[in-house]
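Engineer: Numbering (the numbering used here), first residue to last: 1 to 565.
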Ligand SMILES: [Ca+2]
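#1: Give me the Cα-Cα distance between residue 555 and residue 195, rounded to the nearest whole angstrom.
#2: May I ask you to check if the CB of residue 378 is nearer than 6 Å to at least one heavy atom of ligand 1?
#3: Under the criterion of a Cβ to heavy atom distance below 6 Å, does residue 134 qualify as lining ligand 1?
#4: Closer than 6 Å by C-beta to residue 462: which residues in its own chain qualify, once you throw out the five before and the five after it? Chain order, please.
#5: Use the C-beta contact count for residue 258: other C-beta atoms within 10 angstroms, 16 or more gives buried, fewer gives exposed.
#6: Taking the CB atoms as reference points, tell me whether residue 476 and residue 455 lie closer together than 7 Å.
#7: Taking DSSP's pairing of strands, which residues face residue 481 in a bridge?
#8: Just how far apart, CA to CA, sit residue 373 and residue 263?
#9: Find the nearest neighbour of residue 453 within the set 559, 227 and 181, judged by alpha-carbon distance.
#10: When DSSP builds the beta bridges, which residues end up paired with residue 173?
#11: According to DSSP, is residue 116 part of a helix, a strand, or is it coil?
#12: Under the DSSP definition of a beta bridge, which residues are partnered with residue 215?
#13: If you measure between the beta carbons of residue 233 and residue 176, is that distance less than 7 Å?
#14: According to DSSP, is residue 370 part of a helix, a strand, or is it coil?
#15: Could you tell me the distance, in whole angstroms, from the CA atom of residue 251 to the CA atom of residue 474?
#16: Measure the Cβ-Cβ separation of residue 342 and residue 271 and say whether it is below 7 Å.
#17: Is the closest heavy atom of ligand 1 to the C-beta of residue 409 under 6 Å?
#18: For residue 360, which option in 375, 345, 340 and 307 has the closest C-alpha, if you only look at C-alpha atoms?
#19: Alpha carbon to alpha carbon, what distance is there between residue 333 and residue 320?
#20: Name the DSSP beta bridge partners of residue 274, please?
#21: Report, in whole angstroms, the separation of the C-beta atoms of residue 391 and residue 136, which I expect to be a contact under 8 Å.
#22: Can you name the start and end residues of the beta strand (DSSP E) that residue 308 belongs to?
#23: Between residue 316 and residue 299, what straight-line distance do the alpha-carbon atoms span, to the nearest angstrom?
#24: What distance in whole Å lies between the Cβ atoms of residue 203 and residue 192, which are believed to be in contact at a cut-off of 8 Å?
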């Protein structure tokens, strides 16, 4: 698996084509023409990154794979020659061929040479996944902040990476986290708040851990259910260590409830844990510690990154920020500071904590070798007085209105993902697992179950204009789809714009999200083709459940999947 990542496969196709073309040309004049292409290779990412790899700290990863392994073999002296290839227009073709062949041999022969696992690992990119809670589209500066609270760090991250405007998630905390970490629509996992997901699920953390990554969660878990201590801790799902809350933020209100009785009711705590050990209580989770848990999680995350940089180990830092889920009470540094209420203060808090992590990446010298994903778990908080905003969209979380399932998402990977792009291509949180697997060059996506995510790396890196997805299925309670998104169209099977309220007739409605972002004008009757297209998407999905039946909600461990038909 790791060996594969060391081969020439990782060269960009234009480089491979040029090198191959050069070798095939017999006529010296024509060869010189091809040489001009080859000479330009540094501009598309071969020799230049080699030089960077030679001069930068060990954790720098090269674009296009594992070429920096060369330096690990003591071949650093090749680099001046490579530079001479790009600068010496008069070099004789046979010399050029020699160096190209040498380069090719080294690239191809890489896996043949024994290389320490550590040397491989330090070339894999680190991953930082920042995942605020109930943070709606309309709070973030670069997404058109309704409250006008500055979010300079998130905005800058967007300028340095890609900003998605059609990023899709599941409708609520637990199901969103299940989909995020498993690459599967949550309905397949049986994820529900009170029981979380079974140990049988394989998470991104487990996959990356198997590829040699250090893994940690600092923040909110919410995938272990009420009995999370019984085999459903973060450390039971691939995280080496964790700190934070096992369930959700509203438990911070428990100890101040008028009827709270510690003798008969469970006191919520902030916990910490390491793989192989039971988690330990750190302190009571209440309205005061609710304000500070995200900052503490950021600082622990930075400590985790620092330790792994020293250990030359790639890492996956999952930082599920608890803001701005209710009670939306920001860190004391921000409480009352923005003039835009609790949500405005919390948004500033989120931006600040994001900045702490980003600054640490820079300080540690691993900015270029780290994929940063910043996205939110579901749409805007709706509970008053902490009612968030969905920007141009209608609805809030716990619905499949766009305000519930379309959230901000920014991805940065310097040198790989072009900076400053904004895209309305459809992406889903379930795509992260296969996309990150491709990004780190590890075959870690499970093959014995239905995976709904698709690899979006070619799109994110600009090698392909379109997303590998043009549909999304939205399922809330039960297994019946509530809505389907197909290209610019969205078809509601049960139009339910308010969470908990009954569906509003006519239940089936069709909207064009470009012309009608608020989902107000039903176009079903003038587009009679639409339902059959949507029904086909549902039928295709349902067909997969014959082979891969859903894990039932509340399934106990150990879960054993039934044999599919
Ligand atoms: Ca949430």
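Just so you know, even glycine gets a beta-carbon here, dropped at the ideal spot from N, CA and C.
Structural biologist: Short version:
#1: 8 Å
#2: yes
#3: Look at residue 134: its beta carbon is less than 6 Å from one of the heavy atoms in ligand 1.
#4: 418
#5: exposed
#6: Their beta carbons are not under 7 Å apart, which means residue 476 does not touch residue 455 by this criterion.
#7: 475
#8: 42 Å
#9: 181
#10: For residue 173, which the question treats as bridged, DSSP gives no partner whatsoever.
#11: Residue placement at residue 116 is poorly supported in this model, since its pLDDT is 41, which falls under 50; the coordinates are not used for a value here.
#12: BP columns for residue 215 point to 316.
#13: no
#14: strand
#15: 28 Å
#16: Taking the C-beta atoms as reference points, residue 271 is found no nearer than 7 Å to residue 342.
#17: no
#18: 307
#19: 20 Å
#20: 241
#21: 7 Å
#22: Where residue 308 is concerned, there is no enclosing beta strand (DSSP E), although the alpha helix (DSSP H) it sits in stretches over 289-310.
#23: 15 Å
#24: In fact, because the Cβ distance is near 17 Å, the residues do not count as touching under 8 Å.
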